[in-house]
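Notes to accompany the following structure.
4 protein chains.
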Amino acid sequence: MSATSGRVRVSIVGASGYTGGELLRLLLDHPGAEVLCATSRSLAGQPLHRVHPNLRGRSEMLFTVPEEVPASDAVFLCMPHGEASREIERWLDRARTVIDLSADFRLRDAAVYRAWYEEEHPAPGRLASAVYGLPELHRREMRVGAEPARLISGVGCNATAMNLALLPLARAGLIERAICDIKVGSSEAGAEPSAGSHHPERSGAVRSYAPVGHRHAAEVAQELSGGESGGFPLDVSITSIEMVRGVLCTAHVIPTGRVEMKDLWRAYRGAYSGEPFVRLVAEKSGLHRLPDPKILAGTNYADVGFDIDPRSGRIVALCAIDNLMKGAAGSAVQYMNVAFGLDERAGLGFAGLHPC
Amino acid sequence: MSATSGRVRVSIVGASGYTGGELLRLLLDHPGAEVLCATSRSLAGQPLHRVHPNLRGRSEMLFTVPEEVPASDAVFLCMPHGEASREIERWLDRARTVIDLSADFRLRDAAVYRAWYEEEHPAPGRLASAVYGLPELHRREMRVGAEPARLISGVGCNATAMNLALLPLARAGLIERAICDIKVGSSEAGAEPSAGSHHPERSGAVRSYAPVGHRHAAEVAQELSGGESGGFPLDVSITSIEMVRGVLCTAHVIPTGRVEMKDLWRAYRGAYSGEPFVRLVAEKSGLHRLPDPKILAGTNYADVGFDIDPRSGRIVALCAIDNLMKGAAGSAVQYMNVAFGLDERAGLGFAGLHPC
Amino acid sequence: MSATSGRVRVSIVGASGYTGGELLRLLLDHPGAEVLCATSRSLAGQPLHRVHPNLRGRSEMLFTVPEEVPASDAVFLCMPHGEASREIERWLDRARTVIDLSADFRLRDAAVYRAWYEEEHPAPGRLASAVYGLPELHRREMRVGAEPARLISGVGCNATAMNLALLPLARAGLIERAICDIKVGSSEAGAEPSAGSHHPERSGAVRSYAPVGHRHAAEVAQELSGGESGGFPLDVSITSIEMVRGVLCTAHVIPTGRVEMKDLWRAYRGAYSGEPFVRLVAEKSGLHRLPDPKILAGTNYADVGFDIDPRSGRIVALCAIDNLMKGAAGSAVQYMNVAFGLDERAGLGFAGLHPC
Amino acid sequence: MSATSGRVRVSIVGASGYTGGELLRLLLDHPGAEVLCATSRSLAGQPLHRVHPNLRGRSEMLFTVPEEVPASDAVFLCMPHGEASREIERWLDRARTVIDLSADFRLRDAAVYRAWYEEEHPAPGRLASAVYGLPELHRREMRVGAEPARLISGVGCNATAMNLALLPLARAGLIERAICDIKVGSSEAGAEPSAGSHHPERSGAVRSYAPVGHRHAAEVAQELSGGESGGFPLDVSITSIEMVRGVLCTAHVIPTGRVEMKDLWRAYRGAYSGEPFVRLVAEKSGLHRLPDPKILAGTNYADVGFDIDPRSGRIVALCAIDNLMKGAAGSAVQYMNVAFGLDERAGLGFAGLHPC
């Protein structure tokens, strides 16, 4: 933290998009942070509320160009895939910690990156030391001694939901095979209009946009197949549904053996007790007995639930998140909190709305 | 009609947009029409279902370029504002009847056109003879003797709802002043993506996109203020709401004197009895007691209702339509049916869905 | 068919619900049918449009009580689960063909029925002879010689989507295991309000309402595991999403061996060429390259598609339908058409809307 | 405030509904309040998250019965219309301040109450002294000296939007006649399911549920027609649209004379500068140039905008709110803050989400 202000001084690069806007919403109200600047080349000189109408009256700040980013405690990078890795040294020079929300530093192995992204990684030397931003797995690497990690990578929003649905089962060695059927909203595709996001086309669509081959599978495999968990085949299928924010991962798990609900409770409680943003939602009845992203908009919660098919023994593991929060900006603030020794919950207290 | 086929041979120019797609849906199944061609410069050579997925398996036709449009009984023009009027002579040469769905030929007075569209009309000589396509007012002009009218102009979708809500009151001289508060869906803006139509922005929006000054006011004033009705001030306000298809016009009418429900019933029944596509919906109770565009998607109905404020005497006149049907393509087929002496209902029999 | 009218004379029992309303919409406009009566005990004497607002102006018929159903060619039963089987003899006495849209006669084995519905079947003697209403499998049993089948059972709406997604793979012996992740709309639950259907709760929900143990699994197992296909484990998971009409079945299939796209094309074309209501939708690109229920509202189409995961070999088989049409009333009219020797497409010609 | 805790000790009566849930969300996180109890007769003994799933993990509190409400600094009453006024003495005995969110104490004149609610008021003696809860008009009455007002009445959600759209114009004497066309979401009708709230019926509806005669007109007339503003005819029309939370009031104002935008800016700035929760949104361009309830969900803002029709001179005044927040629970917390001398913004800092 800065000696002068006592607050973490942060800059946001690429702040005109949805993730940037969400970071601004969180950090402008954060009790332990001070926003130094927010960049947008196309909107430089304009007020934040031009594209983030919810921030009207909340800040007098104007967008600036990236060249004007001052030395900062933390720089958040919200750039298109492939750009952050090209500029990473520059940003590491400008900040004690860089938190990159693109896909560039999620995979530790440059060969795996090449296989899934079909190009060479521009900064392979930084891959191994980037911390994969899943606090539930890597909290201790985010702050080493009294120092924040140098480079923390955001997690794919769909990968977050998969990771948190499956982690306890993977740790317990219960997964023979997993098929993740993921339902997502339209904000996942970002703020740029396209034919597919045109309202008359997108409204009410149930679009199988990535029934096979989604890249987020690679990072989940990396995180859950190593070490204690052992490997298992992982399939991913993504369906766009009528929703703006939100992800629900329905993970169909063929177990390595017969399990009962009490085994699942033990595994999930063991993994998540003490986690400030993971709630177990697995009741026997009621409208809200299982996770639903509908009530998570704006929150940093990951609601996790599970059930077992009494006939086939299949486990259904569920995780719901807000893709822009726990799936992006909310997690990023959580990393910052951990990295700088703040209360991990700081700035992330919104409970969510019901009804909505 | 063609001597050979016994069917009206039609061509659709600009068939890749929403109105063009709707015309194709209607005309491919029309018992008295034969679709000769559908043009789209950018999609020439591709099957219709590339952009009209509902037509998959319904036709083997490919899009063609406009130059290939053959001599036709009727040509439907679905072009951006300002283009049809530039090419109108060419199309009149190619067809017995041209039905233009743009805004180019709705206003009969070139000076009024200039005032609202802020440019000179390219074909002012055609304005006076173009038939304004409201069958409820101009049916007799659409077919003169045994001949179809040469040029019929579509009506603005919002204007259609205003016209049909207000026509009986205007005829009865009951309007002192009218303020039309119109709720519209996203398909009104057409098939081109834009920042405003981007799903995360448009979904759930209640956007006052034209609170004042909408052009459709001009044509309604033209139609309802002349002749028997006498003039009255007309205000229009358009709000975009969560809906793809549909228009609801809520016309708040300050009456010239005290009226009662029986007066309204007389006026509306007088105007619309015998009209094949206008239904009166003004019941005392029930969920569906007044018009709602929700149940009109795909139909050519205009549902019209009314009520009176017992305290202030204000009349509320309502009209709901599907903007792509009674507000565009459906009406256009209705014109064709009238112009060529077919059953006015032909090809327009879909009842609409409930629930939906 | 009746000697006098030349049309199939039909009666609809339980016509106030969503399936009944959809049957009325279809049959009132059917060129080969005549609707004799529509029953609703609670609405007897009231016009159809009281609860089916889309039928306003389409029929003067009033609801009647079930006791007044006359002798009919076909009786359609739209009753709650467990009621049709209690009254089945009465209705068989009243009609040449009974088409039951409840779940009562879908399972041929009374023991299987007991296992899934947890009660004894009231009319077990009728189970074996009821025709399971999947024309793609049982068309020939619906009309034997010149006689319609006596009792045809509707298929579960979710089961329809599963059956049609999986049938070609099952026939080809390609399924080692199948997990069907099904997305459904709110009309599946019928016309009765409940806490779960309350708009503020249901709107935008992504509700895992049956992650395990859904009954429709039983009938799909019955149909696809017998005879030529051989058995395979089948798992079903149902998620309610923001949608009124529509089902998308995403079937994740672990294949018995490595398959390629050309194998799938062969299997699906073999099964469905000549089927009037099954369309194959499996393109390489485009917004509409795979089935989407959004464009099927009101149609009787089942759009079927497929893809293969290049890494894992998993097959994704997709089927989209309108649950009230191909999943209920539309199929029922299709049965009637087949049973009475009419054109199988009669009354089912609606193409569907786009955009919508 | 309590001597012991230094916090305002509050109880919520009728806490299972939507307003009660929203109060719980706000007050459980309020830095200056302590929630003593939340009552629900039907849910007594159950955790709050049974019906308020967003509160899962936020509180261990269980619902209690109303008889167990302890002496409190403030009691919030969230009861059906007509009940609070029957029990008002009991609650005034139990608390220093009662904040009633029903419609019972909004009208100061028992005769006006009778005229609009068609029954005698049960506690007419309390009407005159109840403070009408519009801080922008009655802030000074909410805290007199160092004492909170004894009884503060919530404002109708639609009335809030009308009041705030029209107040500056009324004060400036600019209103000849006003017609408020109000668009509302489904949560206005509360948490009880009904035929009209059944998702398949309500989804996508554009329902003219109160085109004339809405009761909220009475309170707006009371507030804006007295004293400095002078009277004017006020018409109200309410349309339900696809939305859960939110109100947009589009007030069509026929002005007493010609006005220009600078006059409006002066009137609105004069009325609202310094108001913590009113934002002026009246830009010349941009997607978010005018108020939209979409971005206000969960916030206590009232966004107010205006425009002038260049042809007719009609003023369009707009106000957007979240009906459960500024239209109910948020305002109630604002009253409490004022009444007890806390920071008026306390507990109401949520900025709102975009996109959403």
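Chains as they are written, first to last, in the working numbering: chain A, 1 to 356; chain B, 1001 to 1356; chain C, 2001 to 2356; chain D, 3001 to 3356. Glycine residues also receive a C-beta, built at the ideal position from the N, C-alpha and C atoms.
Assignment of CYS1356(B) by DSSP, reduced to helix, strand and coil, places it in the coil class. Interface residue (Cβ-Cβ distance to chain B less than 8 angstroms): ARG202(A) is classified as such. For the stretch 24–41 of chain A, residues whose beta-carbon sits nearer than 9 angstroms to a beta-carbon of chain D comprise ARG25, LEU28, ASP29. Cβ contact annotation for VAL3112(D) (same chain, cutoff 8 angstroms, sequence separation greater than five): ALA3218, GLN3222, in chain order. PRO2168(C) does not reach chain A, its nearest Cβ partner there being about 17 angstroms away, counting only Cβ pairs nearer than 9 angstroms.
Fully contained in the stretch 1266–1334 of chain B is no alpha helix (DSSP H) run of length 4 or more. Of the candidates ALA3128(D), ALA3110(D), VAL3075(D), VAL3236(D), the residue whose Cα lies closest to the Cα of GLU3120(D) is ALA3110(D).
For PRO1255(B), the enclosing beta strand (DSSP E) starts and ends at 1247–1255. Along the length of the stretch 2127–2181 of chain C, whole beta strand (DSSP E) runs at least 3 residues long occupy 2151–2153, reported in chain order. In this structure, ARG3094(D) sits near SER3072(D), with a CB-CB distance shorter than 8 angstroms. In terms of Cβ geometry, VAL2236(C) and ASN2323(C) do not form a close pair [threshold 8 angstroms]. Sequence-distant partners of ARG345(A) (beyond 5 residues in either direction) whose C-beta falls short of 7 angstroms from its own C-beta, in its chain, are PRO276. The C-beta distance from VAL333(A) to GLY347(A) rounds to 6 angstroms, short enough to fall under 8 angstroms. Around ASN337(A), the same chain offers ASP343, GLU344, ALA346 as residues with beta carbons nearer than 7 angstroms, after the five sequence neighbours per side are excluded.
By the neighbour-count criterion, in which a residue is buried when 16 or more other Cβ atoms sit within 10 angstroms of its Cβ, GLU1060(B) is exposed.
Per the C-alpha coordinates, the member of HIS2030(C), VAL2155(C), ALA2123(C), THR2039(C) positioned closest to SER2331(C) is VAL2155(C).
For the pair ARG245(A) and VAL304(A), the Cα-to-Cα distance works out to about 17 angstroms. In the displayed model, PRO2047(C) falls within a strand according to three-state DSSP. Residues of chain B with a Cβ closer than 8 angstroms to the Cβ of VAL244(A) are, in chain order, HIS1199, PRO1200, SER1203, GLY1204.
The Cβ atoms of TYR2132(C) and ARG2106(C) sit closer than 8 angstroms to each other. In the DSSP assignment, SER3225(D) falls within the alpha helix (DSSP H) that extends over 3216–3225. By a beta-carbon distance limit of 8 angstroms, PRO3355(D) contacts TYR18(A). Their separation comes to about 6 angstroms.
In the structure shown, SER3042(D) adopts coil according to DSSP, grouped into three states. Collapsing the DSSP output to three states places ASP1029(B) in coil.
In the DSSP annotation of this structure, the continuous segment of the alpha helix (DSSP H) that includes ASP3093(D) starts and ends at 3084–3094.
Taking LEU1036(B) as the centre and dropping the five residues before and after it, the same chain places the C-beta of ARG1009, VAL1010, SER1011, VAL1069, PRO1070, SER1072 closer than 8 angstroms to its C-beta, in chain order. If you check the CB distance, PHE2232(C) and ARG2177(C) come in under 8 angstroms. Burial state of ARG2056(C) is buried, judged by a 10 Å Cβ sphere holding 16 or more other Cβ atoms. A contact between stretches requires three or more CB pairs, one per stretch, nearer than 8 angstroms, and the stretch 2162–2179 of chain C meets this requirement with the stretch 2136–2144 of chain C. For PRO80(A), not one C-beta of chain B is nearer than 8 angstroms to its own C-beta.
DSSP links THR3019(D) through a beta bridge to no other residue. Taking the Cα of PRO1293(B) as reference, the smallest distance to any Cα among GLY3298(D), VAL3253(D), GLU3242(D), ILE3088(D) is reached at GLU3242(D). Contact between the stretch 3189–3198 of chain D and the stretch 2191–2200 of chain C is present, with at least three C-beta pairs closer than 8 angstroms. Here LEU3062(D) carries a strand assignment [DSSP, helix/strand/coil].
Ranked by Cα distance from PRO211(A), the options ARG2314(C), ARG2171(C), GLY2173(C) are led by ARG2314(C). When DSSP states are grouped into helix, strand and coil, LEU1264(B) belongs to the helix group.
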